[in-house]
Amino acid sequence: MDSATTATPGDDASAERTKSSPPARYIYTEADMDAFRSSPIKTELLSFVTAMGRSCSSSTYRYDPTQPLTGLSPGMASLHGSLRHMAEQWLVEIPPDEQVKARFGNPSFREWHDRLVQRSRPMIQSVLDCHKEHVVNARKMEGATTDHSETFSTDTLQACADAGYHAASVSNNEPTEDPKEEEIIAELTAYLRLCFGHPVRLDYGTGHESSFMVLLFCLCKIGCFGEDRTKSASSPPALLAPVALSVLSQYLQVTRGIQSDYMLEPAGSHGVWGLDDYHCLSFYIGACQLRNNVEEYGPDCIQDDGILKDKGDEYMYLGCIRYVKFLKKSAPFFETSPMLNDISRLATWSKVAGGLLRLYEGEVLDKRPVVQHFVFGNIFKGAPIVLHIAYSTTWIASEAPVAPTRTFINGPGGEECIAPWAQNNGNETRTRPRTPPSPGLGPGTRAPWATAPRPQPPPGSPSQAGGGMPPSTRAPWAK
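Residue numbers (my numbering): 35 to 513.
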């Protein structure tokens, strides 16, 4: 990957990053969505997802749930530790409100998400610190670069996981002294906060799952997967597979906890015609993992509950099916999940994985309701199209559409007065409205009734005689 845009914290050899800007949304309209569909960043993200899946079947790595840190880099071990703390402690410390009887959305999730916002920065800081200490600084001390076969000791990985575990238990928003590192932390923190549902809508969906993949994509670009970027432009399968299986499995433990405990509403669920109510990527990664499984399980093995029970922790796809059956145990599987049931009839896992990747692109990355909440920064880059710049931009009054400065008392035809918004003579800087003006709009015109006198009732009519409708009165503020 392009090292010019992926400066590693503490690496003096890194190229200069672009000017700092806070991550911002750029996808608001269908025009924005069309630009995203054809953008390089969408292609990069989809290629990264594809590489993550292929690494699970092309490498010699085999995920062992009893030793989840094996094969990870120090930075990824720290992230794994933070996710483990979230799964083990946060739900215990912030239980759902038992008094709420709503079908979806327990308000205690807002407190959980507030904690995420408060502690996301220390979690990202821990990831970068572990990477800098055990990878970047180690290279400098040894005076030579490491190769892709580098592995880290169990003690090192456990120490980094413990550091990440501790980081998820503290709130610290103090900025660092290194401005480049501060830029990276701010951007990665913004992505992390989008990975676990929406605190207002109280929902979770494939867009949040994709935000977690965006976070991993950015960590890979800045070198936190452990690769030596001076030798290769991409991460080898041996480094991608542990992240795809171990870190994503730990992430699923967190999300399944908040989904069930806080009853989060499925965001954009297709009901029975979807994979499940919340996830898509985990099915694709899991199908890739099973391509070369030593037990030679075929896609139809999901019908055997014994296999799901025994192998669900080891194989991600089987764990996903087991979770779906657990949630929807009131009816047969072919009724609650007809799409997953039909997939089990395919001949090979390669066909399953290929179909799921196309499904992810078509139903997630190409759908505006899903990806419109993406934010873009200097690592995960996106550019707004014309007239769709961030709404915090201000216009000078002379460049903005001019609103009328006078209005009428008692409606059209009444006495003219100065409009309330024109008190400052229009010389101040005004905030840009939410919708930009259409390019073809000309100057404003007076309404037809603005020059015509108010029609008077005929003599002898009820209003003239005091009957019927009461005469109009001047508002108190019009004196």
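The C-beta atom is built at its ideal place from N, Cα and C for all residues, glycine as well.
Small disclaimer: the values here were computed from a predicted structure and weren't measured.
Supposed close pair residue i, residue j - CB separation, criterion 8 Å
i      : j      : result
Arg149 : Tyr199 : Contact flag wrong, Cβ pair sits at about 15 Å.
Ala301 : Gly239 : 3 Å
Val126 : Pro156 : That pair is no contact at about 20 Å.
Tyr296 : Asn140 : 4 Å
Leu80  : Leu399 : 6 Å
Pro57  : Gly411 : 4 Å
Met247 : Leu324 : No, Met247 and Leu324 are not in contact; Cβ-Cβ is about 20 Å, not under 8 Å.
Glu78  : Arg402 : Not a contact, Cβ separation roughly 19 Å.
Ile336 : Leu352 : 7 Å
Ile158 : Leu226 : 6 Å
Ala111 : Cys194 : 4 Å
Arg153 : His407 : Between His407 and Arg153 the Cβ distance is about 21 Å, and since that is not below 8 Å, they are no contact.
Ile413 : Cys252 : 4 Å
Span of the alpha helix (DSSP H), counted from its first residue to its last, around residue i
i      : result
Glu64  : 64 to 71
Glu216 : 213 to 226
Ser93  : Per DSSP, Ser93 belongs to no alpha helix (DSSP H) and is neither H nor E.
Cys164 : 142 to 165
Pro108 : 108 to 119
Phe367 : 367 to 370
Tyr60  : Neither: Tyr60 is in no alpha helix (DSSP H) and is coded neither H nor E.
Ala197 : 188 to 201
Glu275 : Here residue 275 is Ala; the residue named in the question, Glu, does not match the sequence. Looking at the DSSP string, the run of the alpha helix (DSSP H) that includes Ala275 is 271 to 276.
Phe360 : 350 to 361
Val386 : 383 to 394
Arg402 : 402 to 405
Residue i - containing beta strand (DSSP E), residue span
i      : result
Tyr238 : 237 to 239
Candidates the options: closest to residue i by CA position
i      : options                        : result
Pro372 : Gln406, Ala65, Gly320, Asp310  : Asp310
Asp90  : Ala136, Ala387, Tyr394         : One point to set straight first is that residue 90 is Cys, not Asp, in the sequence displayed. Of the candidates Ala136, Ala387, Tyr394, the one whose C-alpha sits nearest the C-alpha of Cys90 is Ala387.
Glu215 : Met175, Leu226, Asp189, Asp163 : Asp163
Arg144 : Pro129, Arg137, Leu286, Lys135 : Pro129
Lys415 : Leu222, Gly353, Ala272, Glu329 : Leu222
Gln101 : Glu78, Lys363, Ser280, Ala65   : Ser280
Gln192 : Gln159, Val405, Gly109, Arg137 : Gly109
Ala121 : Leu361, Ser316, Val288         : Val288
Ile377 : Ile355, Ile292, Gln284, Asp237 : Ile355
His232 : Tyr312, Ile158, Arg173         : Tyr312
Arg137 : Gly340, Ala69, Asp338, Asp237  : Asp237
Leu250 : Leu342, Leu274, Gly241         : Leu274
Ile292 : Thr84, Lys362, Leu103, Cys229  : Cys229
Trp124 : Ala111, Val151, Leu103, Val134 : Val151
Leu390 : Arg88, Asp68, Phe70, Val169    : Arg88
Gln284 : Thr188, Arg173, Lys359, Pro99  : Pro99
Tyr95  : Ile336, Thr382, Asn327, Phe360 : Asn327
Phe82  : Ser160, Phe360, Ala224, Pro271 : Pro271
Ala202 : Val161, Gly241, Lys166         : Val161
Ser244 : Val405, Thr190, Asn206, Asn207 : Val405
Ile218 : His242, Ser55, Arg392, Glu167  : Ser55
Asn207 : Val134, Ala197, Val169, Ala220 : Ala220
Lys169 : Thr210, Thr190, Gly260         : A small fix is needed here, since residue 169 is Val in this sequence, not Lys. It is Gly260 whose Cα lies nearest to the Cα of Val169.
Trp381 : Met86, Asp334, Met175, Ala197  : It should be noted that the sequence gives Ala, not Trp, for residue 381. Checked all of Met86, Asp334, Met175, Ala197; the closest Cα to Ala381 is Asp334.
Tyr318 : Asn375, Asp338, Arg392, Pro276 : Arg392
Arg379 : Gly332, Asp196, Ala278         : Gly332
Val234 : Asn375, Arg290, Leu342, Trp146 : Trp146
Gly241 : Ser187, Asp131, Val409         : Val409
Phe186 : Leu374, Pro209, Gln133, Pro276 : Pro276
Residue i CB to nearest heavy atom of the ligand ATP below 7 Å
i      : result
Ala193 : The ligand ATP is not part of the structure shown, which contains no ligands of any sort.
Residue i at chain E interface by Cβ criterion, 8 Å
i      : result
Leu273 : The chain labelled as chain E is not found in the depicted structure, where only one protein chain is given.
Return the chain-ordered ranges of every beta strand (DSSP E) run that is complete within the region 283 to 348 and spans a minimum of 3 residues. 299 to 301
Give a yes or no on contact between the region 107 to 122 and the region 341 to 348, applying the rule of three or more CB pairs nearer than 8 Å. no
Would the region 62 to 74 count as touching the region 242 to 256 if we require 3 or more Cβ pairs under 8 Å? no
Notebook entry, point to check: Counting Cβ pairs, one atom from each stretch, are 3 or more of them under 8 Å apart for the region 362 to 371 and the region 279 to 297?
Noted result: no
Contact between the region 378 to 386 and the region 322 to 340: three or more CB pairs below 8 Å?
yes
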